[in-house]
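Residue numbers (the working numbering): 44 to 249.
Note that beta-carbon positions come from the ideal geometry of N, C-alpha and C, so glycine has one too.
So the structure is just underneath, and the comments pick up after that.
Structural data, given as structure tokens:
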């Protein structure tokens, strides 16, 4: 029922329950009740120093500049949760910083898409995705690929993936992806090149 409610696999449910137990959270099970956290357990409140809170505000500006809409939304939600546990004096200082830190980027770097979250999930779960992609010649193709990583270079996000159509690794500029769908199917290829090794063949040197 947990898997159905949150639209996740049974394997993921057991993995998360195990992770909770390993982190010290007392999870118990009863046939009539299912899994539950033992009564009386409370998470200790989160505490941030002023410097840590300030760093989060700066990161918010960088996320706005370098990430897409999906990541911006998730980060904003997470940051609001952090702000909710801060003292009033810290919140006031953050508001001052928020009004006085700007991040200006050229128009060509605007990430007007919302695929990074989907791509991240596929990379972390080793699942195949289907994309519609427009190349430099404005030609559109549909492909199934195995994403191995994301790289930001040459002012753009790039998806590095094993392409089933070309039977080789391909570098897809994320801004040229029209549609993306996670097929929830495990990778067929099991010996992918490490992303750090692939970076050695990129057309840029840093």
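Quick one, which of the options has its alpha-carbon nearest residue i's?
i, options, result
"residue 218", "159, 229, 231 and 243", "159"
"residue 258", "175, 97, 184 and 146", "Lying before the first or after the last residue shown, residue 258 is absent from the chain, which here runs from 44 to 249."
"residue 20", "110, 47 and 138", "Since the first residue of the chain shown is 44 and the last is 249, residue 20 is not available in this structure."
"residue 171", "182, 181, 179 and 186", "186"
"residue 116", "126, 103, 188 and 133", "103"
"residue 212", "227, 224 and 245", "245"
"residue 243", "194, 121 and 222", "194"
"residue 109", "134, 157, 74 and 182", "157"
"residue 199", "128, 111, 224 and 118", "111"
With DSSP as the reference, label residue i as helix, strand or coil.
i, result
"residue 115", "helix"
"residue 176", "strand"
"residue 81", "coil"
"residue 127", "helix"
"residue 247", "coil"
"residue 122", "helix"
What is the residue span of the beta strand (DSSP E) that residue i lies within?
i, result
"residue 223", "220–229"
"residue 202", "199–206"
"residue 216", "211–216"
With a cut-off of 8 Å, does the C-beta of residue i fall near any C-beta of chain B?
i, result
"residue 153", "In summary, chain B is missing from the structure at hand, where a single protein chain is found."
Which stretch, first to last residue, makes up the alpha helix (DSSP H) that contains residue i?
i, result
"residue 135", "131–143"
"residue 100", "93–109"
"residue 53", "53–65"
"residue 241", "238–241"
"residue 161", "159–168"
Which partner residues of residue i appear in the DSSP bridge assignment?
i, result
"residue 187", "173"
"residue 182", "Answer is none; residue 182 lacks a bridge partner."
### Task
Spell out a yes or no on whether the stretch 174–183 and the stretch 233–240 are touching, meaning 3 or more CB-CB pairs, one atom from each, closer than 8 Å.
They do not touch, by the three-pair rule.
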